[in-house]
Amino acid sequence: MNKKALGLLLAILTVTLPLSAEEKEDQDPRPKAQVVEEGSILRGNEYVQQKEYAKAIKEYENAVKMNPKSAKAHLLLGLTYANTGDLDKAVQFSQYALTIEPSFTAYNNLGLIYANKGELEKSIQMYEKALDLNPSSFRAWYQLGLVHAGKADFKKAIEAYTKTLEANPHYSLAYLGLGAAHYWSGDKALALEQVHKLRSLKKEELANQLALWIENKERKKEITEVSAKPF
């Protein structure tokens, strides 16, 4: 190969060969700390998808090291610790994210974490603050309904499930929760109405599940009433 041909080949290779990660980082116009932070977050997200939480935590911690004021990295650390079962650390990082940037996501995450800790009052407070920022979040309304139901406050559970369905009439799980809440409130007719609504949405499995649950509760009630009668 003559020198001219060799020079042309080298020129082509220079244009077509992919850059290494280091070369890409060197050529990125953004500040290096920002590049490293975002790269760590992306790798952390990949590890979370693979359920390699220890590796994900290391990546998110590196992102925090690069940017101690990254609300996103702190939130991701909180969620990852929640996935490992360390709910105290999950609260710690999520609360810190709130001090950096109060957001719907931070309040919503804390609502879920506190619910899993069994601290239902705190969970309710967090969901209410989340909904102040995003009142159209049907999932937050639904989660709030679950927490109220967990406290046996079925009136408020019904209100939250109703808000869920106002925001998203096709969210079938809310009909399930609403049916149970109406039943526990003593309104069997409204509970059964949710069965019909689920069938109209073609959610036969959920409809059957709710109908069977109501039937079983009624059967147990009859047994209790019979056993309570004097001979």
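Each number in my numbering corresponds to the 1-based position in the sequence shown with 2 added.
We treat Cβ as the ideally placed atom computed from N, Cα and C, and that holds for glycine.
These figures come from a predicted structure and were not determined experimentally.
- For His198, the uninterrupted alpha helix (DSSP H) segment begins and ends at 190-202.
- With respect to Ile216, Ala191 sits apart: the two C-beta atoms are not nearer than 7 Å.
- Taking all protein chains shown into account, Ser202 has fewer than 16 neighbouring C-beta atoms within 10 Å of its C-beta and is therefore exposed.
- Of the candidates Glu54, His150, Val37, the residue whose Cα lies closest to the Cα of Gly113 is His150.
- With contacts defined by Cβ atoms closer than 7 Å, Leu122 and Gly152 form a contacting pair.
- Judged by beta-carbon spacing, Tyr163 lies within the 7 Å limit of Gly179, meaning their Cβ atoms are closer than that value.
- Residue environment analysis places Leu214 among the exposed positions, since fewer than 16 neighbouring C-beta atoms fall within 10 angstroms of its C-beta.
- Closest option to Gln145, judged by alpha-carbon separation, among Leu212, Ala176, Pro70, Ala154: Ala176.
- In terms of Cβ geometry, Ala142 and Asn110 form a close pair [threshold 7 Å].
- Here the C-alpha atom of His76 lies approximately 10 Å from the C-alpha atom of Thr82.
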